[in-house]
Ligand SMILES: *Cc1c(COP(=O)(O)O)cnc(C)c1O
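Numbering (our numbering), first residue to last: -6 to 261.
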């Protein structure tokens, strides 16, 4: 799978083009959709390379990997800045800062490791986790932006809140001064064939979009509730067509590497 810079550049450009095309099909433009590069299977070199292509939003689903990679990237950006010195390099698209996204399941005892480093936590799926995040944020007198993860198909054993429980959880989070509910996240289920998987993905995204609109319309802080995180390498175009404004892309950029414990997110 691609490890060389050229391959990554091609994959990066192609993915950005496809995002733009899908956005156009849904009456929007490339700027309306955020791409988070999911680095869980990426090597440190690949991560530095994608950042040098201008990628500022990175996502991890494992706490351990996240907390290792945050300082690694900070150091890299610092070093680049120092090397660049006062010379203004107009064609350097490297961002000044990384925006890290926690996209995997988060255990309550890992909150204090993760919260200081991330821009957005996509995977809040229980009141107890929300309370833990809120307590942490209150102690530091800060605010944490979160998404509620939805299990739109209601399949047992999958991460996320079932649709009828979403409103209630968000209403509860709304009372927590140090948490900001910014939107919803979902993952499509796997099916036996590619075409069934695509159909199931579209249904999942349509359903999640409906819930998103419902909550947004009923929600006091309406304007800030504006992130719909749906779509991965195999289904991001469908997700964008159905209203996603944030896609989480791993293997389409970096290639697949088998995770030691399969694709399921966990707490390394
Ligand atoms: C791994 C992962 C992704 C990216 O998956 P790809 O299929 O490699 O694009 C997106 N979201 C979550 C929650 C993930 O764990």
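Cβ atoms here follow ideal geometry from the backbone N, Cα and C, with glycine treated the same way. Here the structure is a predicted model, which means the values were calculated and not measured.
**Asked** Regarding residue 129 and ligand 1, is the C-beta to nearest heavy atom distance less than 8 Å?
**Response** By one-based count along the chain shown, residue 129 stands at place 136. No, since every heavy atom of ligand 1 falls outside the 8 Å radius drawn around the Cβ of residue 129.
**Asked** Quick one: any contact between the region 50 to 57 and the region 200 to 208, if contact means 3 or more CB pairs under 8 Å?
**Response** Touching, no, given that fewer than three Cβ pairs across the two stretches are closer than 8 Å.
**Asked** How is residue 235 classed by DSSP in three states: helix, strand or coil?
**Response** Here residue 235 corresponds to residue number 242 of the chain shown, with the count starting at 1. The answer is coil: DSSP assigns residue 235 none of H, G, I, E or B.
**Message:** Closer than 8 Å to a non-hydrogen atom of ligand 1 - does that hold for the CB of residue 33?
**Reply:** Sequence index remark: in the chain shown, residue 33 carries index 40 (1-based). Inclusion of residue 33 in the 8 Å shell around ligand 1 follows from its C-beta lying nearer than that to a non-hydrogen atom of the ligand.
**Prompt:** With 16 as the cutoff for other CB atoms within 10 Å, does residue 219 come out buried or exposed?
**Reply:** Locating residue 219 in the chain shown gives position 226, counting from the first residue. Answer is exposed; the Cβ neighbour count stays below 16.
**Prompt:** Going along the chain, which residues of its own chain have a beta-carbon closer than 7 Å to the beta-carbon of residue 176, five neighbours each way excluded?
**Reply:** Counting from one through the chain shown, the residue named residue 176 turns up at place 183. Excluding five sequence positions before and after residue 176, the CB atoms of its chain that fall closer than 7 Å to its own CB belong to 140, 205, 218, 219, 220, 221, 222, given in chain order.
**Prompt:** With respect to 8 Å, is the separation between the Cβ of residue 241 and the closest non-hydrogen atom of ligand 1 below this value?
**Reply:** Residue numbering aside, residue 241 sits at position 248 when the chain shown is read from its first letter. Residue 241 Cβ: within cutoff of ligand 1.
**Asked** For the candidate residues 11, 198, 62, 25, whose alpha-carbon lies nearest to that of residue 142?
**Response** Here the question's residue 142 lines up with position 149 in the chain shown. Of the candidates 11, 198, 62, 25, 198 places its Cα closest to the Cα of residue 142.
**Item:** For residue 182, the first and last residue of its enclosing alpha helix (DSSP H)
**Value:** Translated into positions along the chain shown, residue 182 becomes position 189. From DSSP, residue 182 is part of no alpha helix (DSSP H); its letter is neither H nor E.
**Asked** Between residue 167 and residue 118, what straight-line distance do the alpha-carbon atoms span, to the nearest angstrom?
**Response** In the chain shown, residue 167 corresponds to position 174, counting from 1. In the chain shown, residue 118 corresponds to position 125, counting from 1. Looking at the two C-alpha atoms, the distance is approximately 15 Å.
**Request:** Kindly confirm or deny that the region 0 to 14 and the region 41 to 52 touch, where touching means at least three C-beta pairs closer than 8 Å.
**Result:** As far as the Cβ criterion goes, the region 0 to 14 touches the region 41 to 52, which means the pair count is three or higher.
**Prompt:** Just curious, the beta strand (DSSP E) that residue 161 is in, first and last residue?
**Reply:** On the chain shown, residue 161 is found 168 positions in, with the first residue counted as 1. Run containing residue 161: none in the beta strand (DSSP E); it sits in the alpha helix (DSSP H), 156 to 167.
**Request:** Verify the contact flag: residue 249, CB atom, against every heavy atom of ligand 1, threshold strictly below 8 Å.
**Result:** By one-based count along the chain shown, residue 249 stands at place 256. It does: the Cβ of residue 249 is within 8 Å (strictly closer) of some heavy atom of ligand 1.
**Item:** The beta strand (DSSP E) enclosing residue 116, as first and last residue numbers
**Value:** Residue 116 sits at position 123 when you count from the first residue of the chain shown. DSSP places residue 116 in the uninterrupted beta strand (DSSP E) bounded by 111 to 117.
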